[in-house]
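Everything on this sheet refers to the single structure shown next.
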Amino acid sequence: MIRNLENLIIKIGDVDRRVIFVLIGLAVLIPLLTPVSLPIRETPTTVKFYEGIEEIPKGSKVLVSFDYGPSTRPEIHPMNVAVLRHMLRNEHKVYISCLWPDGIYMALDALEDISDEFSLKEYEDYVLLGYRPGAEAVIKGLASDLRKVYTVDANGKFIDDIEMMNNVKNLNDFAYIYSGSAGYPGTFEWVKYGGDPTGVRMSSGTTSVQVNEVIPYVRSGQLIGLLAGMPGAAEYEKLVESPGIAIKGMAAQSFAHIVIVVFIIFGNIAFFLKQKKERKYSK
Amino acid sequence: MFVLTLSVIFIMLYEIRLTKFTDKLPFLRSIPGLKAIEEAVGRSTEMGKPILFVPGIMDMNEVETVAGVVVLGHVANMTAKYETELDVPVARAIVMQAARQVSKEAYLTQGRPELYNEDMVHYITDDQFAYAAAVNGIMQRDEPAACLYMGKFFAESLLFAETGNSIGAIQIAGTGSQTQIPFFVTACDYTLMGEEFFAASAYLSQEADLIAGITAQDLIKVILVIVILFGTVSRALFDLGLVSFDFITLIGI
Amino acid sequence: MILKRYIPIAIVAIFGSLTLSAWFIDNETIETFANDDATQFFDIIAAFAVFLGALNLLKLQFIKFIKKQKGWQYSAISILSFFFAFIIGFFIRGAYFVDDKVFFTQEAALESIIILDVSKEQQEEPYKVQENSFKNLSDAKDFAIKQNLITPVDWGAHVQKNGSLFQWMFKYIFSPLSATMFALLAFFVASASFRAFRARNFEASLLLLAGIIIMIGRVPAGGLISSWMVMYLIVLVSGLYIHYLKKKNNVTIIFTLAGFILVTIAGMITGWPIDKPSIFYLPLLQEWIYLVPNAAGSTAILMGIGLGIVVTSLRYIFGLEKSYLGE
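Residue numbers (the numbering used here), protein chains in the order written: chain P, 574 to 856; chain C, 880 to 1132; chain U, 15 to 341.
In structure tokens, the structure reads:
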């Protein structure tokens, strides 16, 4: 019987990758269709991020940058929506920029998601500056003179005709900068050319993969906290008390991770059993 | 910052000058990934299948992309020599022009201009995942025997590496993208990590000036390590109250 | 020779030095050049270069399609998609406003305004626009247009406007396709991990262990695993290892039992807190791995990469590296 078990495990170790694909697919799909509630534990970086926004004086001007596209939407969009909610609840005036061409559509979707909740009025609660090409050149332009980069907003209205843009000359006129970033251009460029040179407080939400690279900036204080991927977004949704897609997605992510770990363990057991067999037969 | 930059420049120029006065080239350890490029080209030639070269998804303003195009030049030299088909799908039009230039020169240098075809290097799209989908499609349809990924990559790196693995190609990757190195290490046969990738040009050309640049880099790293160690010890002693001198505060960190 | 070799090297040297020195020289002209103009020069060149790329793409896809080469069906889709996006981006406004509503075409917008009233009183002039009645549909349309009841979105803003045809294409075609490609990563990560994470040696085992801790610790499910469960697991695995080393059942059983008893006693004394001892609580352990050894390793690699970029860039600026010219 043990031999049969060993042979079964060795077979699992050689399984076709399509079987793994199917199981991962089910591990993600089932929790999404039949929601499972799991406790969310806030990490220090998320708590620091939340507190950083709470410290902004009420009614301040804040810049929110949508630097991601549809591919990374599941990770970054929930955090950006939650950030907008938090900002608007604290009665801040939100100015939205986009360094990615796709970012403008993500911004429009995010605004649509919260429009009814806050009865949003464009040019009273927020200004959608829109997308400008140039990556770091845009940030450098914003740091020196906003009107060099934006002469009109996303609707084609002249910046000087927007009352909310009065007394907004450059990044120094903002109390806080937030970038929801999925790569280049994004967090690093905002830190290097935006937050650091101007001294404006800033933070960011990034994909899980980028957290590695961004953590040194959090430790040095250049970023006040960090939202790390979908888990970070779920933690933040919990802190701002508006559960959304991130919290719902955590069950799917949990099960998917567990399936991967189980396969890795079985794979290693199969590897050792195979080695044992080969040593036995070579004697 | 200015002093640091000047120091780096002077160390580099000093090393280059020093190399000129010695007969021997400075020692450069073997980099398995670069050695394997010739093996990969040979394998493709024997199997009669093309080589796929992906120079990253960013533009020529990234140093990694330029380094990737430099490696392409060396690979093109080999494919010209062995008459192997080369396929270079690119994600930026400027990279297309630069890669074409470099490939053409390589074929001319090898005396095989008739083998060079402009469409070897072809533009796909700027969009990250559309490019990934196209390259994956090329891999599935053309089944190259060797896949080389040299440049700046983001999330599509694992898509390339896994698809390459599924078609049984030998895969060599080189990137300075820190977040993608683990994916390449997991899925590729050889990976040039960070500095190894930037040293590729010096390694492949064996030119004294370029190798001297690598030596300068190593010297700067040694100096940095000494400064870090000294700073750490000095700070520890300062915090313990054993000394009144803090090196880290002195250098303004 | 001068055109192909020396001029490009000179251009790289001059502009490279200028951009580098802009960080240190407090001169507005140089700073403006380095911060704004240089990047914009590149963006303009890159934007025009896209035409070359697009023409190359079309040329190759057309050849494949016409000659019916392998995969020509995909080429047909590529060509159709290209022209679809091109036309709705450059030639079709795709966004007409009637109050707050957006319509893709002017016709659709007009249809929403013009009401057809077939009652006896309106038989003569059945088409109504607001309070005005018209005999012909074309008159009604002309009136609506003259009265600016329909506001077409400005060219340029039409690609960013909420509800426009371009946005529709982005939302319902491009976004799902991009998301699908990114979603493939989930499957590929699983198959790559399964294939590559083997405890072949000490370093690989360490990588495997760290990977498992982070994968489980990072998600809420990891928070449900108490540190005591992890301790029991460690005792079990250690027992197996002792058995592998000593190959004596007695030693294995005694060791494992002793371990279990010790852990149980410690748990009973402390009251089985889920997250203590914190070294065995996966979420806290993964945080430590992220913030300490991982950050240290990442920073070291980052420094190496940074140095590599600096030296490589200096090689280009000083003209030592000419491979990008083809030499």
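Every residue gets a Cβ at the ideal spot worked out from N, C-alpha and C, and that includes glycine.
Which stretch, first to last residue, makes up the beta strand (DSSP E) that contains K82 of chain U? Against the third sequence, residue 82 of chain U aligns to sequence position 68. Careful: K82 of chain U lies outside any beta strand (DSSP E) and carries neither H nor E.
What number of angstroms, rounded off, separates the C-alpha of D938 of chain C from the C-alpha of G912 of chain C? Here residue 938 of chain C is taken as the residue at index 59 of the second sequence, counted from 1. Here residue 912 of chain C is taken as the residue at index 33 of the second sequence, counted from 1. Whole-angstrom Cα-Cα distance: 24 Å.
Own chain partners of N1015 of chain C with C-beta closer than 8 Å, once the 5 adjacent residues on each side are dropped: By one-based count along the second sequence, residue 1015 of chain C stands at place 136. Contacts found: L1038, F1039, T1042.
Status (buried if at least 16 other CB within 10 Å, exposed otherwise) for M891 of chain C: As a position in the second sequence, residue 891 of chain C is number 12, starting the count at 1. M891 of chain C comes out buried.
Residue burial classification, M880 of chain C (beta-carbon count within 10 angstroms, cutoff 16): The residue given as residue 880 of chain C occupies position 1 in the second sequence. In this structure M880 of chain C is exposed. Its beta-carbon is surrounded by fewer than 16 other beta-carbon atoms within 10 angstroms.
Closest by CA to A314 of chain U, which one among P:A807, P:E786, P:D718, P:K621? Taking the first residue of the third sequence as 1, we reach residue 314 of chain U at position 300. With distances taken between Cα atoms, A314 of chain U lies closest to P:E786.
Taking C-alpha atoms, which residue in U:I288, U:S89, U:Y255, U:E335 lies nearest to L1089 of chain C? By 1-based counting over the second sequence, the position of residue 1089 of chain C is 210. Here the closest residue by C-alpha is U:E335.
CA-to-CA distance, E579 of chain P to T760 of chain P, given in whole angstroms: By one-based count along the first sequence, residue 760 of chain P stands at place 187. By one-based count along the first sequence, residue 579 of chain P stands at place 6. Note on geometry: alpha-carbon atoms of T760 of chain P and E579 of chain P lie some 49 Å from one another.
Taking its Cβ as the centre, do 16 or more other Cβ atoms sit within 10 Å of F38 of chain U, making it buried, or is it exposed? Position 24 of the third sequence holds residue 38 of chain U. Around the Cβ of F38 of chain U, a 10 Å sphere holds fewer than 16 other Cβ atoms; the residue is exposed.
With C-beta atoms as the reference, is Y696 of chain P less than 8 Å away from Y809 of chain P? Here residue 696 of chain P is taken as the residue at index 123 of the first sequence, counted from 1. Here residue 809 of chain P is taken as the residue at index 236 of the first sequence, counted from 1. No, these two residues do not count as a Cβ contact at 8 Å.
Return the Cβ separation of S670 of chain P and L702 of chain P in integer angstroms, given the expectation that the two are a contact with Cβ distance under 8 Å. As a position in the first sequence, residue 670 of chain P is number 97, starting the count at 1. As a position in the first sequence, residue 702 of chain P is number 129, starting the count at 1. S670 of chain P to L702 of chain P, Cβ: 5 Å. Contact.
Length of the line joining the Cα atoms of V711 of chain P and G67 of chain U: The residue labelled residue 711 of chain P in the question sits at position 138 within the first sequence. The residue labelled residue 67 of chain U in the question sits at position 53 within the third sequence. Approximately 25 Å between the Cα atoms of the pair.
Measuring CA to CA, which of C:Q1019, C:F1076, C:G990, C:G1053 is closest to L321 of chain U? Within the third sequence, residue 321 of chain U is the residue found at index 307, counting from 1. Measuring from the Cα of L321 of chain U, the nearest candidate turns out to be C:F1076.
Whose C-beta lies closer than 7 Å to the C-beta of A985 of chain C among residues of the same chain, with five residues either side of it excluded? Locating residue 985 of chain C in the second sequence gives position 106, counting from the first residue. Closer than 7 Å at the Cβ level, and outside the excluded window around A985 of chain C, lie G952, A955, N956, A959.
At least one CB of chain C closer than 8 Å to the CB of S219 of chain U: is that the case? One-based indexing of the third sequence puts residue 219 of chain U at position 205. No, S219 of chain U does not count as interfacial toward chain C.
Check the Cβ-Cβ distances between Q1096 of chain C and every residue of chain P, and say whether any is below 8 Å. For the purposes of this step, residue 1096 of chain C is taken as residue 217 along the second sequence, with counting starting at 1. No - not a single Cβ of chain P is within 8 Å of the one on Q1096 of chain C.
Contact residues within the region 947–959 of chain C, judged by C-beta distance below 7 Å to chain U: Those residues of the region 947–959 of chain C that come within reach of chain U (Cβ to Cβ, closer than 7 Å) are V948, V949, G952.
Among P:Q826, P:S815, P:F844, which has the Cα closest to the Cα of L581 of chain P? Working through the first sequence from its first residue, we reach residue 581 of chain P at position 8. The option with the nearest alpha carbon to L581 of chain P is P:F844.
Give, in chain order, every residue of the region 172–204 of chain U whose Cβ lies closer than 8 Å to some Cβ of chain P. The residues in question are Q174, K175, N176, Q181, F184, K185, F188, S189, P190, S192, A193, M195, F196, A200, F201, V203, A204.
Residue from U:F211, U:L191, U:I227, U:F111 with nearest C-alpha to V824 of chain C: The displayed coordinates of chain C run from 880 to 1132. Any statement about residue 824 of chain C would go beyond what the structure contains.
Nearest-angstrom Cβ-Cβ length linking A213 of chain U and S207 of chain U, presumed shorter than 8 Å: If you number the third sequence from 1, residue 213 of chain U lands on position 199. If you number the third sequence from 1, residue 207 of chain U lands on position 193. 13 Å between Cβ atoms; not a contact.
Using 8 Å as the Cβ pair cut-off and three pairs as the minimum, do the region 826–834 of chain P and the region 222–234 of chain U touch? When Cβ pairs closer than 8 Å are counted between the two stretches, the region 826–834 of chain P is seen to touch the region 222–234 of chain U, the count reaching three or more.
Return yes when the Cβ of M823 of chain P is within less than 8 Å of the Cβ of V203 of chain U, no when it is not. Here residue 203 of chain U refers to the residue found at position 189 of the third sequence. Here residue 823 of chain P refers to the residue found at position 250 of the first sequence. If you check the CB distance, V203 of chain U and M823 of chain P do not come in under 8 Å.
Within the region 132–188 of chain U, ranges of the alpha helix (DSSP H) (whole runs, at least 4 residues): Counting only runs of 4 or more, we get 151–160, 179–183.
DSSP three-state call for M880 of chain C: helix, strand or coil? Within the second sequence, the letter at position 1 stands for residue 880 of chain C. Three-state DSSP puts M880 of chain C in coil, outside helix and strand.
May I have a chain-ordered list of the alpha helix (DSSP H) segments no shorter than 4 residues that lie completely inside the region 215–279 of chain U? Fully enclosed alpha helix (DSSP H) runs of 4 or longer: 216–231, 234–237, 241–260.
Verify the CB distance criterion: does N1057 of chain C have a CB-CB separation below 8 Å to chain P? Here residue 1057 of chain C corresponds to residue number 178 of the second sequence, with the count starting at 1. The residue asked about is misnamed: residue 1057 of chain C is Gln in this sequence, not Asn. Yes, because at least one Cβ of chain P sits closer than 8 Å to the Cβ of Q1057 of chain C.
Is the beta carbon of T904 of chain C less than 8 Å from the beta carbon of Q1019 of chain C? Within the second sequence, residue 904 of chain C is the residue found at index 25, counting from 1. Within the second sequence, residue 1019 of chain C is the residue found at index 140, counting from 1. Position check: residue 904 of chain C holds Leu in this sequence, whereas Thr was assumed. With respect to the 8 Å criterion, L904 of chain C and Q1019 of chain C are not classified as neighbours on the basis of their beta carbons.
T895 of chain P: buried (16+ other C-beta within 10 angstroms of its C-beta) or exposed? Past the boundaries of the shown model lies residue 895 of chain P; chain P is included only from 574 to 856, so the question cannot be answered.
Could you tell me which residues DSSP pairs with F117 of chain U in its beta bridges? Position 103 of the third sequence, counted from the first residue, corresponds to residue 117 of chain U. In DSSP, F117 of chain U forms a bridge with U:Y110.
When DSSP builds the beta bridges, which residues end up paired with S638 of chain P? Mapped onto the first sequence, residue 638 of chain P falls at position 65. Answer by DSSP bridge pairing, in chain order: P:S670, P:S752.
Cβ closer than 8 Å: which chain C residues qualify as neighbours of N785 of chain P? For the purposes of this step, residue 785 of chain P is taken as residue 212 along the first sequence, with counting starting at 1. Simply Q1057, T1058.
Name the two residues that bound the continuous beta strand (DSSP E) containing M738 of chain P. By one-based count along the first sequence, residue 738 of chain P stands at place 165. That residue, M738 of chain P, is in no beta strand (DSSP E); it is neither H nor E in DSSP.
Those residues which DSSP pairs with Y88 of chain U across a bridge: Stepping through the third sequence from its first residue, residue 88 of chain U is reached at position 74. For Y88 of chain U, which the question treats as bridged, DSSP gives no partner whatsoever.
When you compare only the Cα positions, how much space is there between S1123 of chain C and L636 of chain P? Working through the second sequence from its first residue, we reach residue 1123 of chain C at position 244. Working through the first sequence from its first residue, we reach residue 636 of chain P at position 63. Going by the C-alpha atoms only, they are around 44 Å apart.
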